[in-house]
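Taking it in order: structure first as structure tokens, then the write-up.
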Amino acid sequence: SLIFFLPHKGNKIVRWYTISICLLEFLLMTYAFCYHFQLEDPLIQLKEDSKWIDVLDFHWRLGIDGLSLGSILLTGFITTLATLAAWPVTRNSRLFYFLMLAMYSGQIGLFSSRDLLLFFIMRLYSATKFILYTAGGSIFFLIGVLGMGLYGSNEPGLDLERLINQSYPATLEILLYFGFLIAYAVKLPIIPLHTWLPDTHGEAHYSTCMLLAGILLKMGAYGLIRINMELLPHAHYLFSPCLVIIGAVQIIYAASTSLGIGSITNIGLNGALLQILSHGFIGATLFFLAGTACDRVRLVYLEELGGISIPMPKIFTMFSSFSMASLALPGMSGFVAELVVFFGLITSPKFMLMPKMLITFVMAIGMILTPIYLLSMLRQMFYGYKLFH
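Residue numbers (the UniProt record's numbering): 1 to 389.
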């Protein structure tokens, strides 16, 4: 809120204030994880627990474990980079940077939340920029939160440690799982609840697209693991074949994540987590490079571009490198993530040999299609004749 009380002398003070806050928080998080987080300890660390709503016995519970560690560091890095990328923004800059810092707080709060109600509030808070698109999914999420909190206890409580040991009737658990899944399907997004994403990417500044691709879309996958997989294991076992099928059909980033989560093996889950972090970093960087190139040539349509590798060799080199990482070439993070996901799927006892072969075949088609459109974009942007002045 202090951003609105800064002197009205241009936008430089607001920009430097926002960048300083983001960088300081990122450095503090890095320091805390390096010197106060024990990697060999699987339990929740760096806890904070205080009374929030006394009447309902709701707590402000925060904590970090291995699942949230990578997502929090990724959030800090990408938000700092996105703040630097937003330097050209001059229209309503105070409101823009305020919303960016607000999303930053919401994202960190979500990944460190240990209370289901706090998880819901942080999820909604960090989605301010496209609340109209996620409101429907949030309704399903809120219904699930209330159902889990009020079931089987005279005193409502949403502490994740307590809910892990809570059992539900089979029908109720399936309904809760399905409600949460719809909310996450909007966030990931999963077909057919993905139509808002192209419009949002097309209209937003590329710094916002970096946050969207690098962090906000990861909330769906994180929630699917943190809530559905941990709190509703029996329903997850039933729904896992559906997740694998959805992942195979989409043949995009969410495909590999859904395959890993649906394989119900530690290997597949590790691959899904690695894919979340890998795609977040690669996607945000590609948006940053594409936005930087568009700022320089003042063009946004591919058919208007061409031959910009000579005037912008550094952007060309970095864009090509991260595109190869997105294609999951050997030696890069995308390759390791997909390899671990596939190995987890193959070793999963949940599926017979024929379904495994069919899913692998469909994903192989995706590996063929992805280079086609990505390399075509590279060729149109950086090679050929220069079409602009």
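Ideal Cβ positions, reconstructed from N, Cα and C, are used throughout, including at glycine.
(1) Could I get the ranges of all uninterrupted alpha helix (DSSP H) runs contained in the segment 39-104, with 4 residues as the minimum, in chain order?
(2) Please specify which runs of the alpha helix (DSSP H), each continuous and at least 4 residues long, are wholly inside the segment 140-221, giving them in chain order.
(3) I'd like the span of the alpha helix (DSSP H) that includes M229, first residue to last.
(4) Evaluate contact between the segment 279-293 and the segment 213-220, counting only Cβ atoms and requiring at least three cross-stretch pairs below 8 Å.
(5) Starting from I13 and walking both ways along the alpha helix (DSSP H), at which residues does that stretch end?
(6) Does DSSP classify S113 as helix, strand or coil?
(7) For I191 and M122, what's the separation of their Cα atoms in angstroms?
(8) Which value, in whole angstroms, describes the spacing of the CA atoms of A255 and F335?
(9) Can you tell me the Cα-Cα spacing of F98 and Y184, whole angstroms?
(10) Of all the alpha helix (DSSP H) runs that stay within the bounds of the segment 261-331, which reach a length of 4 or more residues?
(11) Where does residue 397 land, buried or exposed, given buried means 16+ other C-beta within 10 angstroms?
(12) In terms of residues, what are the limits of the alpha helix (DSSP H) holding L224?
(13) Alpha carbon to alpha carbon, how far is V340 from K356? Give it in angstroms, no decimals.
(14) Would you identify the three-state DSSP class for M352, choosing helix, strand or coil?
(15) Count the C-beta pairs between the segment 296-303 and the segment 220-232 that are closer than 8 Å, then say yes if the count reaches three, no if not.
(16) Using 8 Å for Cβ pairs, my map puts F58 next to L117. What's the rounded Cβ distance?
(17) Tell me the rounded alpha-carbon separation between I53 and L181.
Result, derived from the coordinates:
(1) Counting only runs that start and end inside the segment 39-104, the alpha helix (DSSP H) elements of at least 4 residues fall at 66-85.
(2) List check, alpha helix (DSSP H) in window: 160-164, 170-187, 196-203 and 206-211.
(3) As a working note, residue 229 is residue 229 in the sequence shown. From DSSP, M229 is part of no alpha helix (DSSP H); its letter is neither H nor E.
(4) Short answer: they touch.
(5) To locate residue 13, count along the sequence shown from 1; it is residue 13. From DSSP, the alpha helix (DSSP H) with I13 extends over K12 to H36.
(6) For this step, residue 113 is matched to residue 113 along the sequence shown. In the structure shown, S113 falls within a strand segment according to DSSP collapsed to helix, strand and coil.
(7) The residue given as residue 191 occupies position 191 in the sequence shown. The residue given as residue 122 occupies position 122 in the sequence shown. When rounded, the separation of the alpha-carbon atoms in I191 and M122 is 24 Å.
(8) Counted from its first residue, the sequence shown places residue 255 at position 255. Counted from its first residue, the sequence shown places residue 335 at position 335. Here A255 scores only 44 on pLDDT, less than 50, and its place in the model is too uncertain to base an answer on.
(9) Stepping through the sequence shown from its first residue, residue 98 is reached at position 98. Stepping through the sequence shown from its first residue, residue 184 is reached at position 184. A straight-line Cα-Cα distance of about 26 Å links F98 and Y184.
(10) DSSP runs (the alpha helix (DSSP H)) wholly in the segment 261-331: 266-297 and 313-326.
(11) With the chain covering only 1 through 389, there is no way to say anything about residue 397.
(12) Here residue 224 refers to the residue found at position 224 of the sequence shown. Counting along the chain, L224 falls outside any alpha helix (DSSP H), and DSSP gives it neither H nor E.
(13) Sequence index remark: in the sequence shown, residue 356 carries index 356 (1-based). Sequence index remark: in the sequence shown, residue 340 carries index 340 (1-based). If you take the alpha carbons of K356 and V340, they lie about 15 Å apart.
(14) Taking the sequence shown and counting its residues from 1, one reaches residue 352 at position 352. Shown here, M352 sits in coil according to DSSP, grouped into three states, outside any helix or strand.
(15) Taking 8 Å as the limit for Cβ pairs, the verdict is that the segment 220-232 does not touch the segment 296-303.
(16) What you label residue 58 is simply residue 58 of the sequence shown in a count that begins at 1. What you label residue 117 is simply residue 117 of the sequence shown in a count that begins at 1. Yes, F58 and L117 are in contact; Cβ-Cβ is about 6 Å, under 8 Å.
(17) Taking the first residue of the sequence shown as position 1, residue 53 is located at position 53. Taking the first residue of the sequence shown as position 1, residue 181 is located at position 181. So the two alpha carbons sit approximately 28 Å from each other.
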